Structures are given as structure tokens and as C-alpha cells.
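Going by our numbering, 209 is the number at position 197 of the first sequence; the sequence numbering is gapless.
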Amino acid sequence: MSENIIGYIDEQGNIIDTQSAGDNCQATPIEYDNSEASLEIIRHSTAHLMAQAISELYPNAQFFVGPVVDEGFYYDFRVDEQIGENDLKAIEKKMKELIKKKYTIEKYEMSKTEALEKFAHDDLKQKVMERIEDDTLSVYKQGDFEDLCRGPHVPSLRFLHNFKLTRVAGAYLGGDEKAEMLTRIYGIAFADKESLKAHITMLEEAKKRDHRKLGAEMELFMFNEEAGAGLPFWMPKGAKLRYKLESILHKAHLMRGYEPVRGPEILKADLWRTSGHYACYGENMYLTTIDEQEYGIKPMNCLGHIQVFKQSPKSYRDLPLRYYEYGVVHRHEKSGVLHGLLRVREFTQDDAHIFCEPEQIASEVLEVVEFVDAVMKLFGFDYTMEVATKPEKAIGEDAVWEMATQGLKDALEGNNLPYTIDEGGGAFYGPKIDIKITDAIGRKWQCGTIQVDFNLPQRFEVEYVAEDNTRKQPVMIHRAILGSFERFIGILTEHYAGEFPLFLAPVQVIFVPISESHADYAYALKRRMRLEGIDAEVYDKNDSLNKRIRNAEKQRVPYVVIVGEEEVTHNTVAIRDRRNKEQYNLTQDEFMVKLTQQLQEGKI
RNA sequence: GCCCAUAUGGCUCAGGGGUAGAGCACUUCCUUGGUAAGGAAGAGGUCGUGAGUUCAAGUCUCACUAUGGGCUCCA
């Protein structure tokens with residue numbers, strides 16, 4: 013057996029560790045490196061090593077499960093002491109001590125009955141075994157530490173060096189909110205030191221573009237303890253950015269035949285009862301009483317649009333009718349899930365409801381998908397689509413659900429658009445296509461959504477007059493493309509690391525006059541910019557030129573423009589490119605043309 | 001909501017049972033400089049909120065609020 017082989021992959025793609033394979037294994041060997049299979053073994057063994065260290069430091073610790081996940085590994089366990097981030101160092105240190113003992117990792121098997129007996133004193137192990145169907149269970153042993161485990165593991169602790177424990181967290185036993193909460197420690201491990209270092213650097217880079225940090229630095233948005241959690245404030249620069257995004261999207265909606273509407277923020281609770289929100293979504297709603305009448309603050313915009321639709325009789329000739337609204341909604345999210353702009357309690361959706369005939373579903377859904385694609389391309393986002401099916405808490409008949417779900421799949425399949433299925437992930441009133449985009453550190457966020465709804469039209473008796481003069485029920489398609497301005501701007505900020513394209517940047521140009529005598533020229537330029545709808549600032553504070561240039565650069569604006577004697581004389585500007593730091597001169601007119609042309613990039 | 005952690009001037013952070021400190025930012029003055037920090041002076045904080053322990057609490061304890069890392073859920 014080669015020194016560097018830590019396991020094998022059989023023909024089915026299963027990983028077999030050296031303990032299980034024996035000496036004459038014919039399967040493909042797994043070398044000790046950063047391949048997927050190798051990391052799987054290394055990380056799993058590192059999780060066990062961590063458990064061993066924890067059991068030495070906290071002798072009464074009991075262990076649940078310690079799997080490998082996308083970003084490394086974790087172990088769930090129960091312990092009497094409180095473990096905080098500061099304790100991770102001590103655990104790491106103990107792990108390194110254990111490595112020095114060069115334990116081999118041995119495997120032995122026993123029947124489930126024997127195992128149940130062996131771990132009779134350990135209720136967590138009993139719970140683990142409840143979830144296992146096999147009759148034969150394996151135990152891995154290193155030094156005095158042994159643990160029930162399926163493997164695979166490295167042959168010896170000597171293969172483990174490059175790891176880091178990253179965070180400590182609480183996790184419900186088995187992911188069940190009603191179950192006891194265990195302590196979870198996350199860690200990461202690699203085959204070599206460089207990869208570990210690179211990973212840590214990547215995390216630090218991601219931290220630098222965290223939208224919460226940039227949002228504060230760039231004065232885009234803020235939160236306020238006195239106002240309450242999850243309630244964002246938009247500062248002037250953030251509001252400008254948001255307004256630009258709203259305008260781009262507003263035009264895009266009009267071009268696609270949408271009509272703006274607007275509903276009230278609060279509606280009587282009876283309407284929410286009719287819709288089913290009261291029963292299915294009530295725990296997330298803010299309710300209030302006015303003149304002994306119960307009202308609900310809207311968590312969604314559909315009801316308003318339905319009332320507008322119903323205001324006058326509609327003909328099949330009116331369909332499809334596309335109502336859209338930047339709808340402000342309030343949802344009572346649990347305090348622990350709030351996260352910068354990505355998860356808030358008040359947010360504005362770019363919401364639309366398309367009322368159409370059942371035969372129009374596929375073409376309407378497809379048009380929305382194309383709209384989504386145009387928006388995602390504009391910002392350079394990768395995204396995936398997911399068809400979400402009927403959840404446990406749902407209204408409407410199964411047959412209706414099936415028809416709607418199939419409609420969504422047909423629209424995607426008919427146009428060769430790839431998608432995955434999220435079983436049980438639908439809204440309570442219908443199936444949906446979720447559009448998920450990936451942020452700067454690889455987290456996936458749901459943004460856009462397309463939902464087919466046969467239920468609300470029925471509940472509210474929404475009707476149109478068909479060609480044969482009978483009354484029919486339209487289908488409602490709920491859709492959002494950004495999802496919410498809050499979340500989308502949060503993701504955009506991280507995506508661009510704060511360096512927004514010209515058509516979004518809250519400040520598009522900063523003029524830096526070389527000395528006081530050139531300030532007038534700079535202000536004249538600023539006025540000219542404003543007439544063209546371009547946001548510019550003049551940095552003429554009593555600071556050195558270098559410092560003002562530095563401050564301007566730190567603002568992450570698309571253009572920093574220096575003006576001095578030469579520019580004033582020739583009516584030109586000296587532009588610093590923010591990317592390559594080169595500079596070039598243009599006449600005022602050329603610069604204006606360049607800017608207005610570049611603004612066109614924001615059209616969809 | 002639950003587990004763990006954190007909370008000191010606008011920002012980043014140091015300090016620590018005897019009554020608060022730095023850098024940046026801010027104000028004023030000098031400096032008018034051609035591409036990432038010129039110099040000087042000044043102002044600014046009941047140390048998140050409320051209780052408790054103590055002769056004495058910003059420092060210790062508890063509760064609450066907010067934030068961060070997770071669990072669960074969602075745009």
C-alpha cells in the first residue's frame with residue numbers, strides 16, 4: 013500500500029477507506045490531495061479528531077453526528093459547559109497534541125443489537141442508531157476515543173494537519189425546532205497548508221465586500237436600535253442608488269406592457285381571511301385594531317391588485333392584464349434570522365400580478381423568464397431556477413396544484429431551460445419557479461419568483477367575460493424579478509464590491525480642482541452634469557490635492573476627474589480610470605457624450 | 001424564537017472596581033499643492049438601556065434592546 017493512499021473509489025463512486033478495503037483492493041486509489049474524495053475523507057477524520065479533543069477537554073461531552081458539508085465539516089454534541097469562540101483555540105491545540113501521538117484509526121464492526129447495548133448509556137448515540145437501517149454498524153477507534161461511524165477515515169492521524177475551527181453555533185437535534193439544542197462546531201480542512209491559507213484569504217476578501225460593511229462605509233443604508241430590528245433606513249446615497257434601480261425597472265415594465273397600480277398598506281383582516289393568509293401566514297403578519305375592526309398590514313401585494321382588477325368588469329380582450337407595484341410589505345421574521353439588507357422585516361417587492369386565461373400561462377411564464385434573464389444579464393449574475401411544489405400547509409385541490417405545477421415545468425422544458433425541483437417548497441396558494449442568485453461568497457439567495465395561482469381568483473371570485481359570453485375565472489401569476497429592492501441591493505453591493513456601474517452609482521463623478529482658483533470651473537461642470545441627470549460632487553475642501561484624490565478614490569465612484577490650469581484653459585477634463593489608474597484627457601463635450609452613452613447600458 | 005458571542009465619541013479599536021484614551025472623521029487657522037494621507041490648534045463620550053452587588057460600577061451579576069455566527073424559515 014502506497015504511503016499516500018487514504019482510500020479507494022469503487023465502480024459505483026462510493027468511497028472505501030483503507031480500513032474497509034483490506035490489503036488487496038482493486039478499486040481506484042484515492043491519493044492524499046485536495047480532490048473531492050480525498051477532502052471528504054480528510055474532513056470527516058478531522059471532525060472525529062475534533063470530537064476526540066473535545067472529549068478530552070470536556071469529559072462528559074456526548075456526541076451526535078459529525079458530517080462533511082460544503083464548507084468543511086461540523087460536529088454536533090451535548091456538553092454541560094458553555095463553549096464560545098474563545099474556546100476553539102484550546103480545542104485546536106488539543107487536536108494538534110493528539111496528532112503528535114500518531115494514533116492509527118482502526119475500524120471494527122458489530123451488530124446493531126451489540127451496538128445498542130454498547131452505547132446503552134448514551135441517549136444521543138441511541139438517537140443516531142434510530143436513524144440507521146443497517147444491521148451491522150461500524151465503530152472507529154483512535155487511541156482511547158471511539159465513535160460509532162460509517163467512515164470513511166484516513167488510516168492514521170498523521171494525515172491531518174491543515175485545519176481550522178471556524179465557528180461555534182447552536183443546532184437543533186436532527187434539525188427539529190422543537191428538539192433540544194446541541195452545540196455545533198464548524199471547521200475546515202485541506203490536504204496542504206497553501207489551500208487552507210487560500211481559503212482563509214478568500215473568507216477575508218468576502219468580508220471586505222460584505223454589504224453591511226460597505227453600506228455603512230458608503231453611507232447607503234443604516235439600521236437604528238431605537239426604530240427596531242430589521243427596519244432599514246436609506247441614506248441619501250443609498251436612496252439615489254435605489255431610485256436609479258427603480259427607474260430602470262420601471263421603464264422595463266412599461267415596455268413589456270405592465271401597468272402600474274398601488275394598494276393600501278393595511279387592509280381589513282377579513283380580506284386576509286378570505287385569501288387564506290390569516291390562517292396560513294398569520295404568524296408572520298402584523299395585525300392591528302382600528303375602531304374595533306381588525307386590520308392586517310400587508311405581507312404581500314396580491315389582495316390590492318385583486319381589488320383593482322375587480323373594480324370593473326373585465327373582458328377576455330383585456331387579458332393578459334399585468335399589474336405591477338413596488339409594494340412595501342411587512343413580515344414578522346424571527347429575530348434571529350435578520351441579516352443586513354438580505355433579511356429584513358420591511359421591504360419593497362418589485363411585484364406584479366398577471367391575470368390571464370389558463371391557455372396563456374405558458375407564454376406569460378416564458379415572457380417573465382425572459383424578463384428575468386434580461387435583468388440578470390444586465391448585472392452579470394449567474395442564477396438557477398427551481399420549481400417548488402405543494403407544501404404541507406396549503407390551500408386548494410391536488411388536481412389544481414398538479415395542473416399549475418405542470419404548467420410551470422412545460423414553460424421551462426419547452427424552451428430548454430434547466431431547472432431543479434424543490435419538493436414541498438411552494439407558496440401555500442400555488443407552485444412556483446424560484447430564481448436563485450449566488451452572492452460574492454457563494455451563498456444562494458432567492459430573489460425572483462414566478463407563482464401560478466388558481467386559488468386566489470377562486471376565493472375572491474375574480475372573473476372575466478369570455479368570448480362565448482360566459483363568466484370565467486382568470487389565472488393569477490404572481491411574479492417578482494429582483495424579489496425585493498433591499499435584498500437585491502444588498503447582493504448587488506457585494507457582487508460589485510461597492511463599485512457600481514455608472515447607471516447605478518449614487519455618485520457618478522467626483523471633480524477634484526487642483527487649487528482654489530479652479531473650483532468655479534469644477535462647479536460649472538457639476539451643474540452641467542446635473543442638467544443631464546448625472547450625479548457629481550466637487551472635492552474642494554481645504555486638504556492637500558493628494559488627500560482629496562485619495563478620498564475621492566475611496567468613494568468607489570466610476571469617474572474621478574481632476575481639473576487644473578490646463579483643463580480650465582482648454583475646456584477639458586483629466587479622467588482617472590478607477591480600474592487601471594491610468595489617466596486621459598477629454599473635452600467637456602466628449603466626456604458628456606461618453607457618460608450619456610454609458611448610461612444607455614442600463615437599459616433593458 | 002432557540003444556542004453562543006459582542007455592545008466604549010460619527011467610524012475602527014485600546015483600557016478596565018476609584019470616575020475615560022488613540023487613530024481616522026469633524027471645526028478653525030497656516031498651506032494653493034498636477035494624481036492615494038502637508039502642518040497646527042480645538043471641539044466631541046452620563047462606556048447600548050434598566051435594575052442589582054459594593055463605601056465606590058464604564059469595569060462584577062441579572063434582565064432587556066440591538067448587532068454578529070449558526071439552527072429553522074423566507075424575497
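Even glycine gets a Cβ: it sits at the ideal position worked out from N, Cα and C.
None of these values were measured; they are calculated from a predicted model.
Look at the alpha carbon of residue i and the alpha carbon of residue j, and state the distance between them as a whole number of angstroms.
i    : j    : result
E121 : T195 : 28 Å
K205 : N174 : 6 Å
G352 : Q458 : 15 Å
L543 : Y533 : 16 Å
E369 : V487 : 6 Å
T148 : S123 : 5 Å
D552 : F497 : 34 Å
I144 : F157 : 22 Å
Q38  : V81  : 28 Å
L253 : Q595 : 26 Å
S207 : M234 : 36 Å
A127 : Q138 : 9 Å
D29  : Q74  : 25 Å
R491 : Q610 : 30 Å
R560 : F383 : 42 Å
T283 : E306 : In the sequence as presented, Thr is not what sits at residue 283; that position holds Leu. Those two C-alpha atoms are separated by around 10 Å.
G316 : M214 : 45 Å
T401 : W246 : 36 Å
T58  : E52  : 10 Å
N467 : T417 : 13 Å
H365 : R334 : 6 Å
Q24  : A251 : 55 Å
P513 : K444 : 32 Å
P325 : E376 : 22 Å
R540 : A548 : 10 Å
Y476 : G436 : 31 Å
Ignore the nearest five residues each way along the sequence and tell me which others in residue i's own chain have a CB closer than 7 Å to its CB.
i    : result
Y395 : M388, I447, K448 and I449
I546 : Q520, V521 and L607
A478 : Y328 and K484
D22  : I28 and A39
Following a CB-centred definition, is residue i positioned closer than 7 Å to any heavy atom of the ligand COA?
i    : result
I616 : Within the structure as shown, the ligand COA is missing, as the structure has no ligands at all.
For residue i, I'd like the list of residues in its chain whose CB is within less than 6 Å of its CB, leaving aside the five on either flank, ordered along the chain.
i    : result
E337 : V273, R274, N313 and D363
K119 : Q31, S150 and Y152
R170 : K114
F603 : V585
Q600 : N583
Going by C-alpha distance, which of the options is nearest residue i?
i    : options                   : result
L557 : I42, R568, G437 and V573  : V573
P525 : Y596, G495 and E579       : E579
E414 : E376, N583, V464 and R254 : V464
I501 : L185, T360, I212 and Q323 : T360
G78  : D92, V91 and A63          : A63
H265 : E23, I493, K456 and G437  : I493
E577 : I587, S527, Q600 and M541 : S527
K106 : A65, I117 and T116        : A65
I27  : T301, R162 and L261       : R162
V356 : P248, M541, H344 and P325 : H344
K615 : L390, G34 and H342        : L390
T178 : Q154, E216 and F367       : E216
To the nearest whole angstrom, what separates the beta carbons of residue i and residue j, a pair I think is in contact under 8 Å?
i    : j    : result
H530 : V575 : 5 Å
I18  : V166 : 5 Å
V140 : F89  : Their Cβ separation, rounded to whole angstroms, is 12 Å, which puts V140 and F89 out of contact at 8 Å.
R223 : T505 : Note on residue identity: the sequence assigns His, not Arg, to residue 223. H223 to T505, Cβ: 4 Å. Contact.
G460 : G438 : No, G460 and G438 are not in contact; Cβ-Cβ is about 15 Å, not under 8 Å.
Q372 : P332 : 5 Å
F515 : K538 : About 19 Å separates the two Cβ atoms, so there is no contact after all.
In chain order, what residues of the same chain have a beta carbon less than 8 Å from the beta carbon of residue i, not counting five sequence neighbours either side?
i    : result
Y290 : A281, W284, M297 and G308
Q440 : Reading off the sequence, residue 440 comes out as Phe, not Gln. Contacts found: G288, C292, Y293, P403, K405, A406 and I407.
I111 : L61, L169, R170, L172 and H173
H1   : Given that the chain is displayed from residue 13 to residue 616, the structure contains no residue 1 and the question cannot be resolved.
L160 : A127, F131, K137, V140, M141, L149, S150 and V151
H434 : The question names His, but residue 434 is Asp in the sequence shown. Same-chain partners within the cutoff: E398, V399, A400, T401 and D446.
T301 : Y307
K249 : M230, E231, L232, P518 and V519
Does the segment 74-88 come close enough to the segment 185-199 to have 3 or more Cβ pairs within less than 8 Å?
yes
Does the contact criterion of 3 or more C-beta pairs under 8 Å hold for the segment 88-102 versus the segment 54-69?
yes
Three Cβ pairs or more, each shorter than 8 Å: is that satisfied between the segment 218-234 and the segment 459-471?
no
Touching or not, the segment 420-434 and the segment 290-303, by the rule of three or more beta carbon pairs under 8 Å?
no
Count the C-beta pairs between the segment 345-361 and the segment 395-409 that are closer than 8 Å, then say yes if the count reaches three, no if not.
no
State whether the segment 181-194 contacts the segment 42-57, with contact taken as three or more CB pairs (one from each stretch) at a distance under 8 Å.
no
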